[in-house]
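Asker: Quick note on the working numbering: the sequence shown kicks off at 6 and runs consecutively.
Yeah, the Cβ is synthetic: ideal placement off N, Cα and C, and Gly gets one too.
Please read through the structure below; I'll follow up with questions.
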Amino acid sequence: MTGWVGPVLVTGTDTEIGKTVVTAAIAAAAQASGLRVAVVKPGQTGTAGGEPGDVDVVNRLAAPLTGRTLASYPDPLAPLAAARVADLPPLELYTAVDAVRAEADKHDLVLIEGAGGLLVPMGLRPSGEPWTMADLAVSLGAPAVVVARAGLGTLNHIALTMEALDRRAVPAGVVIGAWPARPELVHWTNLTDLVPNLLGALPGGAGAMDPGVFRRSAPGWLTPSLHGVLDDWRVWAEESS
């Protein structure tokens with residue numbers, strides 16, 4: 006199966022579920038397969054403390070050819086709210102579209118990492134209406150990777166996100182952001198239900214790995230759709246148990 010190329014959205018069912026590390030893993034796997042990769046973060050929030058931004062984390066773990074943040078805001082809020090609170094210009098939808106298309110002209114794969122979930126307000130349209138990562142995916146004709154938790158409650162959150170994408174005719178698959186070292190029954194039953202839509206699963210703590218180990222390991226966490234080598238979930242489950 007040919008892996009996804011061009012613009013690809015990386016969104017999630019919530020915040021703090023591993024989108025950045027999954028983005029890094031896809032970038033690492035794609036580069037290992039010989040692709041030129043760019044990572045674009047449309048809206049980075051929570052920058053007041055001086056901590057590394059998401060693109061900084063991806064650069065450290067995967068070293069993509071290009072990493073860009075389009076707009077940064079100090080408060081840890083949804084990007085549109087963070088812009089309003091800081092009295093900074095909100096990101097305009099077609100500014101983001103044009104930036105991604107410019108990178109797509111120079112790279113084989115452009116990973117666009119969202120903020121929080123799929124329908125978080127990211128900025129404003131020229132009309133003054135808010136736009137979301139779902140709107141960006143539609144504007145770009147991009148498929149979506151939905152990063153999700155492994156445990157209780159995830160099936161509902163995934164179903165809601167996948168339904169929202171399906172209603173917009175956006176192709177999508179799921180990656181588990183952090184598979185526990187000691188999975189319980191709920192994790193295994195969720196995995197069984199998710200396998201038809203599953204594009205990968207990262208081990209818990211992957212973001213703390215040495216970058217060299219991370220890059221060598223990433224293809225084994227992802228299916229060929231995301232440029233990995235994982236092709237048998239039964240074998241994966243046996244090795245993970």
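Would the beta-carbon of Leu85 fall within 7 Å of that of Pro126?
Answerer: Cβ atoms of Leu85 and Pro126: closer than 7 Å.
Asker: From what residue to what residue does the alpha helix (DSSP H) around Ala35 run?
Answerer: Where Ala35 is concerned, the enclosing alpha helix (DSSP H) stretches over 24-37.
Asker: Using the C-alpha atoms, what's the distance from Val191 back to Pro12?
Answerer: Looking at the two C-alpha atoms, the distance is approximately 34 Å.
Asker: Contact between the region 72-80 and the region 39-53: three or more CB pairs below 8 Å?
Answerer: The region 72-80 is in contact with the region 39-53.
Asker: Check for me: the alpha helix (DSSP H) holding Thr74 runs from which residue to which?
Answerer: No alpha helix (DSSP H) holds Thr74; the beta strand (DSSP E) holding it covers 71-78.
Asker: Report the start-end ranges of each alpha helix (DSSP H) in the region 75-146 that is 4 residues or longer and not cut off at the edges.
Answerer: Within the region 75-146, the complete alpha helix (DSSP H) runs of at least 4 residues are 84-91, 98-109, 138-145.
Asker: On a CA-only basis, which of Ala32, Gly205, Ala91 is nearest Ala155? Give me that one, please.
Answerer: That would be Gly205, whose Cα lies nearest to the Cα of Ala155.
Asker: With 16 other CB atoms within 10 Å as the buried threshold, where does Lys24 fall?
Answerer: Buried: at least 16 other Cβ atoms inside 10 Å.
Asker: I'd like to confirm the pairing. Which residues does DSSP put opposite Gly17 in its beta bridges?
Answerer: Note: Gly17 sits in a beta bridge opposite Val152.
Asker: If you count every other CB in all the chains shown that lies within 10 Å of the CB of Met6, and 16 or more means buried, which is it?
Answerer: Reliability fails at Met6, whose pLDDT of 47 lies under 50, so the model's placement of it is uncertain and no value is given.
Asker: I'd like to check one pair, Ala67 with Ala29: are the Cβ atoms closer than 7 Å?
Answerer: The answer is yes: Cβ separation under 7 Å.
Asker: Can you check which of these residues, Val63, Ala53, Val60, is closest to Val90 by C-alpha distance?
Answerer: The residue with the shortest Cα to Cα distance from Val90 is Ala53.
Asker: With 16 as the cutoff for other CB atoms within 10 Å, does Asp199 come out buried or exposed?
Answerer: Looking at the sequence itself, residue 199 is Leu, so the reference to Asp does not match. Its Cβ being crowded by 16 or more others within 10 Å, Leu199 is buried.
Asker: So what's Leu157 in DSSP terms, helix, strand or just coil?
Answerer: If DSSP states are grouped into helix, strand and coil, Leu157 belongs with coil.
Asker: Flag this pair as touching only if the region 138-155 and the region 97-111 have three or more C-beta atom pairs under 8 Å; answer yes or no.
Answerer: Cβ pair count under 8 Å is three or more, so yes.
Asker: Please give me, in chain order, every unbroken run of the beta strand (DSSP E) with length at least 3 that falls completely inside the region 158-220.
Answerer: Listed in chain order, they are 177-184, 203-208.
Asker: Put Pro224 into one of helix, strand or coil per three-state DSSP.
Answerer: In the structure shown, Pro224 sits in a helix (DSSP, three-state: H, G or I).
Asker: Between the alpha carbons of Gly158 and Ala120, how many angstroms are there, rounded?
Answerer: Answer to the nearest angstrom: the Cα atoms are 20 Å apart.
Asker: Identify whether Pro57 lies in helix, strand or coil by the three-state DSSP scheme.
Answerer: In this structure, Pro57 counts as coil in the three-state DSSP scheme.
Asker: Just the Cα atoms here: how many angstroms apart are Pro188 and Ala153?
Answerer: So the alpha carbons of these two residues sit roughly 15 Å apart.
Asker: Can you look up Val240 in the DSSP assignment and give me helix, strand or coil?
Answerer: It is helical.
Asker: Which residue's Cα is closest to the Cα of Ala107: Gly55, Thr71, Ala183?
Answerer: The candidate whose alpha carbon is nearest that of Ala107 is Thr71.
Asker: With DSSP run on the structure shown, which of helix, strand or coil describes Val63?
Answerer: Three-state DSSP puts Val63 in a helix.
Asker: For Thr50, which beta-bridge partners are listed by DSSP?
Answerer: Answer by DSSP bridge pairing, in chain order: Tyr78.
Asker: Near Trp238, which residues of its chain fall below 6 Å by C-beta distance, leaving aside the five closest residues on each side in sequence?
Answerer: Same-chain partners within the cutoff: Val200.
Asker: Could you name the residues of the same chain whose beta carbon sits closer than 8 Å to that of Val27, not counting the 5 residues immediately before and after it, in chain order?
Answerer: If we look at Val27 and ignore the five residues flanking it on each side, its Cβ neighbours are Val15, Val150, Val152, Val180, Gly182, Gly205, Leu207.
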